[in-house]
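Numbers given in this note's numbering equal positions in the sequence shown, counted from 1, plus 48.
Ideal Cβ positions, reconstructed from N, Cα and C, are used throughout, including at glycine.
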Amino acid sequence: MEQRKEITMSRLQRFLVVSLIAVFVATLAPAALAESYKFGASKPGGSWYPIGTVLQRLADKNYGDKVTVEIGGGTGNLLNVMSGKLSFGLASATSIQEALKGAKMFKGKVAQAKKVRVAAVLYPNYLFWLVWAKSDVTSYQQLKGKKVNVMPKRFSFQALNQQMLGALGIEYKDFSKVNYLGFNDAVAQMKDNHIDAYLGPGEENYAPIVQLATHAPIRILSFSKEDVAKMKAANPGVVPFTLDKTNYKQKNDVNTVQTFLLIITNEDVPAERVYKLTKTIYDNLGDFAGAVKAFERVKVANATGDMGAPRHAGMDQYLKEKGLLK
């Protein structure tokens, strides 16, 4: 009888020990799965840096992941994702097309470019070339001989500016001065009349352009259908877009082009890491919209479209869970 009790107690003790170990392991599991990785954004002052900071907070809260937000810019982010220096980065769809061609900064890197994968499709950015409304410049041809800002050299939109100008028969040497300033400096320089034109990204309510329009009336240059066709031929990653004239108090609707902002990754990044990022982005759009208003235009359905690079398997996993992919 006593022996049976001892056996029963022994079994009970083993059960309790195993249960405690299971609880202990379960408690440690999230920490064990936590990762550290780098996310390429851009300089503070634009709309990209806040995307990185919101992701940083949510990744830590939801998964214990430690995200370092790197200051890069679209072209820089793409190069660093291609080389494996970044796990993720923000870049325009148009930049991927340039990388796949091996153009300019991407010369000799086509093999690396082919490893780029999409981790999330965000919102479209518009190409805005603008001057003061009081300026005598009413078309892009009249920008020749002017002082312009084209964005920093490693920014996606600097490369896009150069390409779109080329499609329209204009080179940087046609300007009297070319500046490669970030958003804050570009706004300050234009307010002080040190530059005549801002060439860069825009949206309906884009902070740098809002600052300029608040300072004085602005004119956003419009393109003809023929101009847009030339621009699209130069880079299939751009598509036509018409800005309603009520934005920034324009006299007429503005015809320009747009390109989607993407979060890109490398095919070598683990699927689970990409899945967590994709889920963090799309399951928390409200958090991102609180920091970057353009996120109100992010549609998960757009994620299934052709953005010039294949989706990562981790992104596909999320889209399948949502019933957007078979």
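When Cβ pairs closer than 8 Å are counted between the two stretches, the segment 315 to 322 is seen not to touch the segment 332 to 351, the count staying below three. DSSP lists no bridge partner for Lys-182. Under the 8 Å Cβ criterion, the segment 221 to 232 does not count as touching the segment 135 to 152, having fewer than three qualifying pairs. Taking the CA atoms as reference points, Ala-357 sits about 42 Å from Lys-182. Closest in C-alpha terms to Phe-203, from the list Glu-369, Lys-163, Ala-139 and Asp-222, comes Ala-139. Distance from Ser-131 to Ala-207 at the Cβ level is roughly 17 Å; contact not present, criterion being Cβ atoms closer than 8 Å.
Ile-257 and Tyr-296 do touch by the CB rule: their CB atoms are close to 7 Å apart, below 8 Å. Relative to Asp-335, the option among Gly-94, Pro-98 and Arg-359 whose CA is nearest is Pro-98. Judged by their CB atoms, Ala-168 and Ile-311 are nearer to each other than the 7 Å cut-off.
Each of Leu-148, Asp-331, Ser-272 and Ile-329 was checked against the Cα of Ser-187, and the nearest Cα belongs to Ser-272. By the CB criterion at 7 Å, Ser-95 and Gly-121 fall outside the cutoff. Residues Asn-173 and Phe-205 of the same chain have their beta carbon placed closer than 6 Å to that of Pro-249, with the five preceding and five following residues left out of the count.
Taking every protein chain shown into account, the CB of Asp-354 has fewer than 16 other CB atoms within 10 angstroms, so this residue is exposed. Cβ contact annotation for Lys-278 (same chain, cutoff 8 Å, sequence separation greater than five): Ala-215 and Leu-216, in chain order. Spatial neighbours of Lys-157 in its own chain (CB-CB distance under 8 Å, excluding positions within 5 residues in sequence) are listed in chain order as Leu-127, Met-130, Ala-147 and Gly-150. Between Thr-123 and Lys-86, the C-beta spacing is not below 7 Å.
Collapsing the DSSP output to three states places Pro-98 in a helix.
By the Cβ-count criterion, Gln-189 is exposed, with fewer than 16 other Cβ atoms from all chains shown falling within 10 Å of its own Cβ.
Rounded to the nearest whole angstrom, the CA to CA distance from Gln-306 to Thr-294 is 18 Å. For Leu-325, the enclosing alpha helix (DSSP H) stretches over residues 319 to 330. Secondary structure at Tyr-174: strand, using DSSP grouped into helix, strand and coil.
Contact between Asn-314 and Val-179 fails: their C-beta atoms lie close to 40 Å from each other, not under 8 Å. By the neighbour-count definition (other C-beta atoms within 10 Å, threshold 16), Pro-200 is a buried residue.
Taking 4 residues as the minimum length, the alpha helix (DSSP H) runs contained wholly in the segment 192 to 254 are 204 to 215 and 231 to 239, in order along the chain.
Exclusion of the five residues before and after Lys-114 leaves Ser-84 as the residues of its chain whose Cβ lies within less than 6 Å of its Cβ. The Cβ-Cβ distance between Val-196 and Ala-245 falls below 7 Å. Annotation: the continuous beta strand (DSSP E) that includes Tyr-85 extends over 84 to 88.
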